[in-house]
Amino acid sequence: MAGACGGFEGNAQSFRLLTRIEAKTVDSNGRTVGLNLTRASLDAATKYPWSRAINARKFGVYDDDVEIFNWTRQGAPDDRKCIEAQIMDWSDDCAYSVHDLEDAIFVGQVKVENFERDFDILHTEMQSGYGSTATKEEAAAALERLQQLSCWPRYYDGSHRSLARLKDSTSQFIGRFVLAAELETRKVHGDGPLLRYTADLVIPREQKVEVDFLKAIAGHYLINAAASQERYAAQQIVIKELVEMLHKHAATNLDSIFAKDWQMATNQTERMRIVIDQIASLTDPGAYALHARLSALR
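Residue 94 in the UniProt record's numbering sits at position 94 of the sequence shown, and the numbers go up by one each step.
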């Protein structure tokens, strides 16, 4: 639905939020410049430093935000991420993989004793779902290393003791992965300041494979689960209907900042982007509430 106005990508939307939607400062023409962040701050938040024309599936900027994006990337090597962005990327991988494991064990969707039984499936998910280059031998060694850690959550029975152990596991896993990258990076680049493009984050192969294995656990048992897929499909329908209905009733249902943009829009491409900006700014409960309200107007 967003194809005609430049597509939708979460990272590109985040860049738009920082540089336009979250209005803290305006220029001499009254145009918002978002939070008015420094070039270095914006660059650090850029996971995919390229446009949709380079990669239509994962990209970091919409066409109508290219001007500020080019300013952000001025002097940067093509398609290369600064070390701050690399740190953010690794932090995301560590936090999500570990917390997804904790949540899945807590609600009973994952049992650690099944990992060896399902190993081949998990290894396939590492490669096909997350682009891991780990061999079966590397993945098996990663699982064995994790299982040998004193913090490995060997069981969860709902007791306070097992819950405390589970949360301690989360803390220690994140510490393990973060510290490994820090030590390896310092080993390569030394103890001096590491800024922008003076160095790259160095992630030890063993810890990279361990995180990939944890990501595959979430992918197989949570994301790919039938119940999850059914929920995602239902949510896609809600979003599709929300876009259609809000576009039809935008004049009276947009938030004030988006309503002003709607009035100034000169074509359907601009109007569709405004509708998408509005919907992307909603929380899940907010999206369902707006969907219900607009459905009543049908």
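Using N, Cα and C, we set each Cβ at its ideal position, and we do this for glycine too.
Closest to residue i by C-alpha separation, out of the options, would be which residue?
| i | options | result |
| --- | --- | --- |
| Arg16 | Ser169, Leu143 and Ile68 | Ile68 |
| Ser171 | Ala225, Trp152, Cys82 and Leu183 | Trp152 |
| Tyr156 | Val112, Leu149, Gly175 and Glu206 | Val112 |
| Leu294 | Thr266, Glu244 and Ala259 | Glu244 |
| Leu214 | Ala227, Met264, Gln147 and Glu230 | Gln147 |
| Asn253 | Ala226, His291 and Thr185 | His291 |
| Trp90 | Thr72, Ala265 and Ile203 | Ile203 |
| Arg298 | Glu9, Leu246 and Gly3 | Leu246 |
| Leu282 | Gly175, Gly219, Lys58 and Gln13 | Gln13 |
| Tyr62 | Gly219, Gly6, Pro77 and Ala296 | Gly6 |
| Gly175 | Thr25, Thr269 and Cys94 | Cys94 |
| Gln268 | Gln74, Leu37 and Ala250 | Ala250 |
| Ala287 | Met264, Phe173 and Glu241 | Glu241 |
| Asp200 | Asp64, Met88 and Ser28 | Met88 |
| Arg20 | Val66, Lys58 and Ala4 | Val66 |
| Ala141 | Ser162, Ala56 and Arg205 | Arg205 |
| Gly3 | Arg273, Asp284, Met264 and Ala289 | Arg273 |
| Leu222 | Ile105, Gln74 and Leu37 | Ile105 |
Along the chain, where does the alpha helix (DSSP H) that runs through residue i open and close?
| i | result |
| --- | --- |
| Tyr232 | Ala226 to Lys248 |
| His160 | His160 to His189 |
| Asp79 | Unbroken run through Asp79: none, as it is neither H nor E. |
| Tyr221 | Note, Tyr221: premise wrong, no alpha helix (DSSP H); not H, not E. |
| Asp43 | Arg39 to Ala44 |
| Thr269 | Gln268 to Ala280 |
| Glu67 | Val66 to Thr72 |
| Glu138 | Lys136 to Gln148 |
| Glu125 | Phe119 to Tyr130 |
| residue 341 | Since the displayed the chain opens at 1 and closes at 298, residue 341 lies outside it and no answer follows. |
| Arg293 | Asp284 to Ser295 |
With 16 as the cutoff for other CB atoms within 10 Å, does residue i come out buried or exposed?
| i | result |
| --- | --- |
| Ser51 | buried |
| Leu41 | Sequence check: residue 41 is Ser here, not Leu. Exposed. |
| Pro49 | buried |
| Gln97 | At residue 97 the sequence reads Ser, which differs from the Gln that was named. Under this definition Ser97 is a buried residue. |
| Gln207 | buried |
| Asp92 | exposed |
| Leu149 | exposed |
| Ser132 | buried |
| Ala53 | exposed |
| Leu179 | exposed |
| Val107 | exposed |
| Gly158 | exposed |
| Thr72 | buried |
| His160 | exposed |
Could you please give me the residues that DSSP links to residue i through a beta bridge?
| i | result |
| --- | --- |
| Thr252 | BP columns for Thr252 are empty, so no partner. |
| Val61 | Ser51 |
| Val107 | Paired residues: none, contrary to the question. |
| Thr32 | Val26 |
Taking only beta-carbon atoms, is residue i less than 8 angstroms away from chain B?
| i | result |
| --- | --- |
| Gly108 | No chain B appears in the structure shown, which is made up of a single protein chain. |
Does the segment 160–169 touch the segment 42–49, meaning 3 or more C-beta pairs lie closer than 8 angstroms?
no
Quick check: the segment 70–84 against the segment 127–141, are at least 3 beta-carbon pairs closer than 8 angstroms?
no
Just checking, does the segment 24–37 make contact with the segment 229–241 on the three C-beta pairs under 8 angstroms criterion?
no
Contact the segment 275–286 vs the segment 250–267: 3+ CB pairs below 8 angstroms:
yes
Any chance the segment 104–123 sits against the segment 185–192, with 3 or more Cβ pairs inside 8 angstroms?
no
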